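In full-length UniProt numbering, the protein residues as written are 1 to 440. For glycine and all other residues, C-beta sits at the position ideal for the given N, C-alpha and C. These numbers were taken from a predicted model, which means no experiment stands behind them.
In C-alpha cells:
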C-alpha cells in the first residue's frame, strides 16, 4: 500500500501527508507508524483553528503555555484493532455488572459511599491500550479520564483544515459534541432524575492551575451553549446544607468530578461527599465507578480466565479479556519471584492514577522495590508501547504512543493517541501530547 503525497491548502494547512510511505501488507499499521514521517502537525495552525471555533478568550494563552499538549503528528489504527479495543471495553463493562465481580470489588472497602447512585455509569471512562503484534492490549482503565473535550477540539481542527491521507478518516466532531452533551443528560437520568440538569459544576483541586484546565473550559463552554449553566469550581467553593448543594448561593444539580481523591475522604471534599451520600446532587465519576473500574486490582481478576468462568462471564467476553496482560498482586510470598522476573513487569499502585509511583521492572532499584513491597501494588506483564515516527525541529525521531478510548456506558465517544518519550505518558515531550487517530 502506498500513502501518496497529499497537501490540501485550506486556511493554511496544519497537517501534511508529505511522504510516500511504503507499507508491506495492508494491515501492518505498526510498521507504518514506526517508519512513515507523514501527517506532520503544525501547532500554530491547530491552535488557530481550535480558537476560531471555541470563541474563548482565555484559551489562547493557555494553549500557548502548553507547547506539548498536542503531538506533532497523527497516529494510524486499523478497523480490526479498533474493533478489538471496543470488544475489550464491552467485556469489561459486562463483567463489572456481574454480581460476583461487584461483591468482590465493593468488599475492598466498607465505605457506604460506593452504594449510592448505583445506576450511573461515570463521566468519562478512559480505556488505555498499547498496540502489539498480537493486537491491542489494555494497560489500564481510568474513571476520570481528562482530555475528551480537548481531543474533540483537536479532531475538529484537523478536520476543518481538510487534510486527508489516503483512505484515513476521522469521526465528525459535530456528532461528538452531541454525544458528549447527551452523556451528561443520560447520567442525570440514570440516577433517577427527569429531564436534564440546570446547573453543572466541574470540580477539581486548584482547577485553573491544572494542566488540563483548557479541557474544563471547553467542557464548560459546550454545556453552556447547550443550555446547561456550567461553573468551574474547587471543592472548597461547595456548601451542603439543608439537603442542597450550593456554590455562592446557586444550587448545583450535578458535579462533573475531576478530583483524584477517589473515595472523597479528604476533609476538603466533605461537602461534596455529604451531598453524594444524601443523593442531593449527581456526582460523576463517583467512588463507586472507581471501585468497579479503575482500581488496578481489578486487572488481576479481568486477566484470570478461570475466575471469570466461575463468575459466569460468557465465552465471548472471556475471549476478549484474554488479551489483557497478566496481572498479579505484589505480596511478600511472591517477592523473590517478582524481583527475579522484574524485567517482564510494570509495577503500579492499586489506587494510583496517571504515572505517579509507577515503575518499569528493568528500572527498579532495591530502595524502590522496598517501597513497592510496603505499598499496595500490582505487577502487570510488560507490553512495550509501539512507536510513531515524527519530525521535531527538523529532526526525524520516533516516540512512543498509546491509544485511549473515551467512553460512556460502554460506548466509544472519542479515540485519541498520547505520544510521549519516557517511562509513561506525559506532556513533557517535545513533539508529544494528544494526537488525532486516523482509521486506515
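Kindly indicate which residue of 293, 318, 387 and 124 has the alpha-carbon position closest to the one of residue 219. If you number the chain shown from 1, residue 219 lands on position 219. The closest CA to that of residue 219, considering only 293, 318, 387 and 124, is found on 124.
Contact check, residue 416 vs residue 231, beta carbons under 9 Å: Numbered from its first residue, the chain shown carries residue 416 at position 416. Numbered from its first residue, the chain shown carries residue 231 at position 231. No, these two residues do not count as a Cβ contact at 9 Å.
For residue 75 and residue 32, the rounded distance between their alpha carbons: One-based indexing of the chain shown puts residue 32 at position 32. One-based indexing of the chain shown puts residue 75 at position 75. Their backbone Cα atoms lie some 9 Å apart in a straight line.
Select from 30, 35 and 29 the residue whose C-alpha is nearest the C-alpha of residue 391. Counting from one through the chain shown, the residue named residue 391 turns up at place 391. Closest option to residue 391, judged by alpha-carbon separation, among 30, 35 and 29: 35.
Extent of the continuous alpha helix (DSSP H) run through residue 366: As a position in the chain shown, residue 366 is number 366, starting the count at 1. For residue 366, the enclosing alpha helix (DSSP H) has its first and last residue at 366 to 374.
Close Cβ partners of residue 176 (< 7 Å) along its chain, the five nearest in sequence each way excluded: If you number the chain shown from 1, residue 176 lands on position 176. Hits under 7 Å: 152, 413 and 414.
Coarse secondary structure for residue 344, derived from DSSP in three states: Taking the chain shown and counting its residues from 1, one reaches residue 344 at position 344. Helix.
Please classify residue 194 as buried or exposed, where buried requires at least 16 neighbouring CB atoms within 10 angstroms. The count along the chain shown starts at 1 and reaches residue 194 at position 194. Per the 10 Å Cβ criterion, exposed.
Using CA coordinates, which residue listed in 160, 67 and 227 is at the minimum distance from residue 182? Counting from one through the chain shown, the residue named residue 182 turns up at place 182. The shortest C-alpha separation from residue 182 is found at 227.
Please classify residue 402 as buried or exposed, where buried requires at least 16 other C-beta atoms within 10 Å of its C-beta. Working through the chain shown from its first residue, we reach residue 402 at position 402. Residue 402 should be labelled buried.
Inter-residue spacing [alpha-carbon to alpha-carbon] between residue 117 and residue 189: For the purposes of this step, residue 117 is taken as residue 117 along the chain shown, with counting starting at 1. For the purposes of this step, residue 189 is taken as residue 189 along the chain shown, with counting starting at 1. If I take the Cα positions, the gap works out to 11 Å.
Do residue 138 and residue 324 have their C-beta atoms within less than 9 Å of each other? Translated into positions along the chain shown, residue 138 becomes position 138. Translated into positions along the chain shown, residue 324 becomes position 324. In terms of Cβ geometry, residue 138 and residue 324 form a close pair [threshold 9 Å].
Candidates 380, 60, 114 and 136: closest to residue 386 by CA position: Numbered from its first residue, the chain shown carries residue 386 at position 386. With distances taken between Cα atoms, residue 386 lies closest to 136.
Please determine, among 77, 147, 102 and 208, the residue with the shortest C-alpha to C-alpha distance to residue 132. As a position in the chain shown, residue 132 is number 132, starting the count at 1. Comparing Cα-Cα distances from residue 132 to each of 77, 147, 102 and 208, the minimum goes to 77.
Whole-angstrom distance between residue 404 and residue 1, CA atom to CA atom: Residue 1 sits at position 1 when you count from the first residue of the chain shown. Residue 404 sits at position 404 when you count from the first residue of the chain shown. Confidence in residue 1 is poor, its pLDDT being 34 and thus under 50, which makes the residue's placement too unreliable to answer from.
Please specify which runs of the beta strand (DSSP E), each continuous and at least 3 residues long, are wholly inside the region 65 to 120, giving them in chain order. List check, beta strand (DSSP E) in window: 75 to 77.
Report the start-end ranges of each beta strand (DSSP E) in the region 257 to 322 that is 3 residues or longer and not cut off at the edges. Counting whole runs of 3 or more residues, the region 257 to 322 contains the beta strand (DSSP E) stretches 282 to 284.
Quick one: residues in its chain with C-beta nearer than 7 Å to the C-beta of residue 12, no 5 flanking neighbours on either side, listed in chain order? Looking up residue 12 in the chain shown gives position 12. A caution first: residue 12 carries a pLDDT of 33, below 50, which makes its placement in the model too unreliable to give a value.
How big is the Cα-Cα spacing for residue 238 and residue 265? Locating residue 238 in the chain shown gives position 238, where the first residue counts as 1. Locating residue 265 in the chain shown gives position 265, where the first residue counts as 1. One C-alpha to the other measures close to 15 Å.
To the nearest angstrom, how far is it from the Cα of residue 271 to the Cα of residue 112? Indexing the chain shown from 1 puts residue 271 at position 271. Indexing the chain shown from 1 puts residue 112 at position 112. Looking at the two C-alpha atoms, the distance is approximately 16 Å.
6 Å CB neighbourhood of residue 421 in its chain, flanking five on each side removed: As a first step, residue 421 must be located in the chain shown, where it is residue number 421. Within the same chain, 399 and 429 come within 6 Å of residue 421 by CB-CB distance, once the 5 residues on both sides are set aside.
Coil, strand or helix - residue 134 by DSSP: Taking the first residue of the chain shown as position 1, residue 134 is located at position 134. Note: residue 134 maps to coil in three-state DSSP.
Contact between the region 307 to 321 and the region 93 to 101 (3+ Cβ pairs under 8 Å): Yes: at least three Cβ pairs fall under 8 Å.
Between the C-alpha atoms of residue 91 and residue 108, what's the straight-line distance to the nearest angstrom? On the chain shown, residue 91 is found 91 positions in, with the first residue counted as 1. On the chain shown, residue 108 is found 108 positions in, with the first residue counted as 1. The straight-line gap from Cα to Cα measures roughly 22 Å.
Beta-ladder partner(s) of residue 177, from DSSP: For the purposes of this step, residue 177 is taken as the residue at position 177 of the chain shown. Residue 177 is not bridged to any residue.
When DSSP labels each residue in this structure, what does residue 189 get in the three-state scheme? Against the chain shown, residue 189 aligns to sequence position 189. Correct three-state label for residue 189: helix.
Is residue 395 buried or exposed, if buried means 16 or more other CB atoms sit within 10 Å of its CB? Counting from one through the chain shown, the residue named residue 395 turns up at place 395. Counting of Cβ neighbours within 10 angstroms places residue 395 among the exposed residues, the total staying below 16.
Residue 211 - DSSP class collapsed to helix/strand/coil: As a position in the chain shown, residue 211 is number 211, starting the count at 1. Coil at residue 211, not helix or strand.
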